[in-house]
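**Student:** Same order as they appear, the protein sequences are chains A and B. The numbers in our numbering rise by one with no breaks, and the one at position 298 of the first sequence is 887. The numbers in our numbering rise by one with no breaks, and the one at position 468 of the second sequence is 470. Note that beta-carbon positions come from the ideal geometry of N, C-alpha and C, so glycine has one too. None of the values given here were measured: they were computed from a predicted structure.
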Amino acid sequence: MAMTKQEKLDKKAEALYEKKHKRRYKRTAGDVTFDILNHAFFLIFTIMCIFPFYYIFINTISDNDLVRKGAINFIPRGIHLGNYASMMNVGDVGTALFVTVARTVLGTVLMVLASAFVGYLVTKQEMWGRKIWYRCLIVTMYFNAGLIPWYLNMSMLGLTNSFWAYVIPGIVAPYNIILVKTYIESIPGELEESAMIDGASYMTIFRKLIWPLSKPILATIAIFGAVGNWNSFTDSLILMPDAPALHTLQHKLYTYLNAATNLKSVMNSGSGSVTGAAAANVLNAKTIKYTISMVTVLPILMVYPFMQRYFEKGIMLGAVKG
Amino acid sequence: MNKGKVADRLYIVLRILCIVSLVALFIPAINPARISGLISKTSSVFTCGTSYGALTRNFVRAFSKGWVGTLTMQMVFGGSICIIIGFAATAAGGCMSLGSNKLKKLGLIPSAIGAIVAVIGCFMINWAANDIQGTPNPDRVEPMKPGAITVFMIISIALLVLSVAIFFLLPKVEKGEKCHIETKYQLFLLFLPFLALCIVFSYLPLLGWRYAFFDYKSGQDLSLENFAGFKWFAFLFQNPATRADLVRVLRNTLAMSGLGLATSWCSMAFAIFLCEIKNLRFRRIVQTFTTIPNFISWVLVYAVAFAIFSTDGFVSSLLVNAGVLSTGTNFLMDNSHMWIKMLLWGMWKGLGWNAIIYIAAISGIDQQLYEAASIDGAGRFQKMWNITVPSLIPTFMVLLLMAIAGILNNGMDQYLVFETPYNTDTITVLDLYVYKLGINSGQISLSTVIGMFKSVISVILLFGANKISKLIRGESII
Chain A
590 MAMTKQEKLD
600 KKAEALYEKK
610 HKRRYKRTAG
620 DVTFDILNHA
630 FFLIFTIMCI
640 FPFYYIFINT
650 ISDNDLVRKG
660 AINFIPRGIH
670 LGNYASMMNV
680 GDVGTALFVT
690 VARTVLGTVL
700 MVLASAFVGY
710 LVTKQEMWGR
720 KIWYRCLIVT
730 MYFNAGLIPW
740 YLNMSMLGLT
750 NSFWAYVIPG
760 IVAPYNIILV
770 KTYIESIPGE
780 LEESAMIDGA
790 SYMTIFRKLI
800 WPLSKPILAT
810 IAIFGAVGNW
820 NSFTDSLILM
830 PDAPALHTLQ
840 HKLYTYLNAA
850 TNLKSVMNSG
860 SGSVTGAAAA
870 NVLNAKTIKY
880 TISMVTVLPI
890 LMVYPFMQRY
900 FEKGIMLGAV
910 KG
Chain B
3 MNKGKVADRL
13 YIVLRILCIV
23 SLVALFIPAI
33 NPARISGLIS
43 KTSSVFTCGT
53 SYGALTRNFV
63 RAFSKGWVGT
73 LTMQMVFGGS
83 ICIIIGFAAT
93 AAGGCMSLGS
103 NKLKKLGLIP
113 SAIGAIVAVI
123 GCFMINWAAN
133 DIQGTPNPDR
143 VEPMKPGAIT
153 VFMIISIALL
163 VLSVAIFFLL
173 PKVEKGEKCH
183 IETKYQLFLL
193 FLPFLALCIV
203 FSYLPLLGWR
213 YAFFDYKSGQ
223 DLSLENFAGF
233 KWFAFLFQNP
243 ATRADLVRVL
253 RNTLAMSGLG
263 LATSWCSMAF
273 AIFLCEIKNL
283 RFRRIVQTFT
293 TIPNFISWVL
303 VYAVAFAIFS
313 TDGFVSSLLV
323 NAGVLSTGTN
333 FLMDNSHMWI
343 KMLLWGMWKG
353 LGWNAIIYIA
363 AISGIDQQLY
373 EAASIDGAGR
383 FQKMWNITVP
393 SLIPTFMVLL
403 LMAIAGILNN
413 GMDQYLVFET
423 PYNTDTITVL
433 DLYVYKLGIN
443 SGQISLSTVI
453 GMFKSVISVI
463 LLFGANKISK
473 LIRGESII
């Protein structure tokens, strides 16, 4: 990973500080012991956090027969990528993947657009009844009717067993609206005023001024929204009892992890499509479970390191009140 | 009274009627399109008019046997669409009434047309309702004439009459007058769709609280016959089995939340010790990897647990290879110390992430404090204890208060995925209990009562925590 400019500067400053520091006092034996223990603790905890993913990953790419025997613990052997190819034909994992991607993309885009627009509107003092309506939105963060009334409401709206149940309820996200509103309020008001004087309408100001200026915060809420959508599991579990084709990847994974008995039939249907492959690389119950886990976690593992600063910015913004 | 004032009064009635008609579209209890028992009880006009497939789901047999003509159902479908479009047009007209005189006049045209379309829709459904009475097999088709048709008809006609009346009461449009809405209303109208979404998904569920007062079984009507008053509230405390369940569930909930509270200082310690590491690259790597678990779902955490601790998982196969165990053991089936295990999984997932807010707070501490302390001869731990910790306490208090306010909200995902038949006694928390009672066992009324209690207590706790925060720190947390 290439270091950013800021990191390089930090490091330089750190080195300089160290130099100055060392001249001032010597590290005692206690210091050294503490440092070693401290490093050891964090090293172990980090390994605990990352090793399971590594373990699952090497088990999905190793020889399936060895995996079944439990022989793959640290080093992959007999590397092949056949499991991922055949996974798409097992059960309806392919459909689940499609549904999950669709809801993540659609849900996130709509949520970001709505949050940006509403966040902008509620900064406008001129709006009729602004305070009341804004409070109406915010209160919903702290108070909800409960699971069962929510479920009955969704079924009343005809959103059970329907794809739109994943998308529409998430469009208005009060917390994100607060974040955007706070951000927009920090943009100098003169910019908007001068645009107003030039005769720009609210929509124009939003499109040409507010939207581009608030991109950092929008990126942050987009990334949080996307992760939330991707991970969402309860809505699929509760709202889609009669529509297995609409189950999300998380729900599928949950089903497969718990399905010790009927995996046999799935395996057979899966292996039918990979008859050409070596006999050793036929999927077994263990590799199916591991491969779906990997498919489900991979997007997050791949995206996270690059988006980390947005995530961290998000939690810091959360500390700012609306 | 002059004409303008009368028109203003009538406008208020029109707007209220518009809102009522829009809400009525979503309420299954007054669904005029439910002309047969085969149409689902939970469907509203809106669902009838949006999906022909859902409307006729139970009609396959009726169609093939010729009990009901397809034309009848198409009329119901068309009528529903007409009502939806009609009411939407009226509402659009109602929105335009916030503008200038010309816009008001223009807005009355969609209002009137919408009302007419809605009346036509009502007639179509009425025709279908009369038609279905003549079915050869009334036992199966259960034809009925919903009284709601009359209600919808009256609303539509009232809308029509009002629109026309206001049209003649409004002053004539002068030449050169422009369409214009005042800024404050313009902004409100832009905001309105989102407010509507919020109301539909966050406030409308409150209507569901009425199920707490009925003997409700899924798919039944709410009528005076099954009105139960406070029966379920009393049941909760009087029925020994339910009471025992509830005590057990509350014990689990409070125990696990309590353990979480008791260990909430851990993320602060994590941050402090991490900041003691001077190698920035190592620190960065630790921070990146320890925060990843926070972004995977509980199902994936379970998948991880499965990979590591199940019969043929990592730990088992290591132990078998080392000769400690003869066959693999499924550690996940072990139901001892469930509370501690759940706590540890929670920490594995959240520790690194929760530390970030403290790390940011530490980097905000004035470095001169540390330098001054060094000169005074303070050691490393003294600096940590006397400078870093006190600076983090305000942040810690806010997070602690928030955690106390959320003591009943453990969420159900974690406990649902880790639940097995063996550990269900010690793992079921309130959220999971409500889910199992309501969704799996169909005890809608009882679980609604429990959910109500939970919502109300949570809000009280939140306001309490807020009050305390105001008293101590002079700042609110919500």
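Express the C-alpha separation of TRP722 (chain A) and ASN851 (chain A) in angstroms, rounding to a whole number.
**Tutor:** Any reading at ASN851 (chain A) must be qualified, since the residue scores a pLDDT of 48, below 50, and its modelled position is unreliable; no value is offered.
**Student:** Strictly under 7 Å for the Cβ-Cβ distance: is GLY101 (chain B) near chain A by that measure?
**Tutor:** Chain A, which has no Cβ nearer than 7 Å to the Cβ of GLY101 (chain B), makes this no.
**Student:** For chain B, is any of its Cβ atoms less than 7 Å away from the one on GLN839 (chain A)?
**Tutor:** yes
**Student:** Any C-beta of chain A sitting closer than 7 Å to the C-beta of SER42 (chain B)?
**Tutor:** no
**Student:** Roughly how far, in whole angstroms, is the beta-carbon of LEU199 (chain B) from the beta-carbon of VAL761 (chain A), given that I think they are within contact range, below 8 Å?
**Tutor:** 5 Å
**Student:** On the premise that TYR709 (chain A) lies in contact with PHE795 (chain A), defined as a C-beta separation below 8 Å, what is that separation, rounded to the nearest angstrom?
**Tutor:** 5 Å
**Student:** When the cut-off is 7 Å and only beta carbons count, does LEU248 (chain B) lie next to chain A?
**Tutor:** no
**Student:** Less than 7 Å between CB atoms is the rule here; does CYS200 (chain B) satisfy it with respect to chain A?
**Tutor:** yes
**Student:** Hey, TYR437 (chain B) and LEU670 (chain A): beta-carbon distance below 7 Å or not?
**Tutor:** no
**Student:** Under the three-state reduction of DSSP, which class applies to GLY101 (chain B): helix, strand or coil?
**Tutor:** strand
**Student:** Within the same chain, show all residues whose beta-carbon is closer than 7 Å to that of ASN857 (chain A), passing over the 5 residues directly before and after it, in chain order.
**Tutor:** Confidence in ASN857 (chain A) is poor, its pLDDT being 46 and thus under 50, which makes the residue's placement unreliable; the coordinate value appears in the next sentence. No residues qualify anywhere along the chain.
**Student:** So THR292 (chain B) is in the alpha helix (DSSP H); what residue range does that whole segment cover?
**Tutor:** Following the DSSP letters along the chain, one finds THR292 (chain B) inside the alpha helix (DSSP H) bounded by residues 282-293.
**Student:** Under DSSP, the alpha helix (DSSP H) around GLU179 (chain B) begins and ends at which residues?
**Tutor:** Unbroken run through GLU179 (chain B): none, as it is neither H nor E.
**Student:** Where does PHE229 (chain B) sit, in a helix, a strand or coil, going by DSSP?
**Tutor:** Three-state result, PHE229 (chain B): strand.
**Student:** Could you spell out where the alpha helix (DSSP H) holding PRO396 (chain B) opens and where it closes?
**Tutor:** Note, PRO396 (chain B): alpha helix (DSSP H), 391-407.
**Student:** Say whether the region 461-479 of chain B touches the region 229-245 of chain B, bearing in mind that this needs 3 or more beta-carbon pairs closer than 8 Å, one atom from each stretch.
**Tutor:** With the rule of 3 Cβ pairs closer than 8 Å, the region 461-479 of chain B does not count as touching the region 229-245 of chain B.
**Student:** Whose Cβ in chain A lies nearer than 8 Å to the Cβ of LYS219 (chain B)?
**Tutor:** LYS219 (chain B) does not reach chain A, its nearest Cβ partner there being about 13 Å away, counting only Cβ pairs nearer than 8 Å.
**Student:** Cutting at 6 Å between CB atoms, please list the residues of its own chain near ILE470 (chain B), excluding the five before and the five after it.
**Tutor:** none
**Student:** Do you know whose CA, among A:GLN714, A:LEU748 and A:ILE806, lies nearest THR44 (chain B)'s CA?
**Tutor:** A:LEU748
**Student:** Buried or exposed: where does ARG692 (chain A) fall if 16 or more other Cβ atoms within 10 Å of its Cβ makes it buried?
**Tutor:** buried
**Student:** Do you know offhand how far LEU846 (chain A)'s Cα is from LEU872 (chain A)'s?
**Tutor:** 15 Å
**Student:** I'd like the span of the alpha helix (DSSP H) that includes TRP347 (chain B), first residue to last.
**Tutor:** 340-365
**Student:** Is there a Cβ of chain B sitting closer than 7 Å to that of PHE752 (chain A), yes or no?
**Tutor:** By this cut-off, PHE752 (chain A) is not an interface position.
**Student:** With DSSP as the reference, label SER38 (chain B) as helix, strand or coil.
**Tutor:** strand
**Student:** Examine chain A for any beta-carbon lying closer than 7 Å to the beta-carbon of TYR360 (chain B), and answer yes or no.
**Tutor:** no
**Student:** In this structure, how does DSSP classify ILE111 (chain B) when only helix, strand and coil are distinguished?
**Tutor:** helix
**Student:** Excluding five sequence neighbours on each side, which residues of the same chain lie with their C-beta closer than 7 Å to the C-beta of TYR213 (chain B)?
**Tutor:** ILE446, SER447 and THR450
**Student:** Quick check on ALA618 (chain A): buried or exposed, where buried means 16 or more other Cβ atoms within 10 Å of its Cβ?
**Tutor:** exposed
**Student:** May I ask which residues mark the beginning and end of the alpha helix (DSSP H) holding HIS628 (chain A)?
**Tutor:** Taken as a continuous stretch (DSSP letters only), the alpha helix (DSSP H) holding HIS628 (chain A) covers 618-650.
**Student:** Helix or strand or just coil, what does DSSP make of PRO894 (chain A)?
**Tutor:** Correct three-state label for PRO894 (chain A): helix.
**Student:** Quick one: complete alpha helix (DSSP H) runs, 4+ long, within the region 49-78 of chain B?
**Tutor:** 54-57 and 62-67
**Student:** Residue range of the alpha helix (DSSP H) that LYS797 (chain A) falls in?
**Tutor:** Here LYS797 (chain A) belongs to no alpha helix (DSSP H), and DSSP marks it neither H nor E.
**Student:** Does any C-beta atom of chain B lie closer than 7 Å to the C-beta of MET716 (chain A)?
**Tutor:** yes
**Student:** For chain A, find out if any of its Cβ atoms is closer than 7 Å to the Cβ of SER266 (chain B); answer yes or no.
**Tutor:** no
**Student:** Would you report the Cα separation of VAL855 (chain A) and ASP314 (chain B), rounded to the nearest angstrom?
**Tutor:** Residue placement at VAL855 (chain A) cannot be trusted, given a pLDDT of 49 that sits under 50; what the coordinates show is reported in the next sentence. Roughly 20 Å between the two C-alpha positions.
**Student:** I'd like the list of long-range same chain contacts for SER511 (chain B), defined as Cβ closer than 8 Å, with 5 residues on each side in sequence excluded.
**Tutor:** Absent from the model: residue 511 (chain B). The displayed extent of chain B is 3 to 480, so no value can be given.
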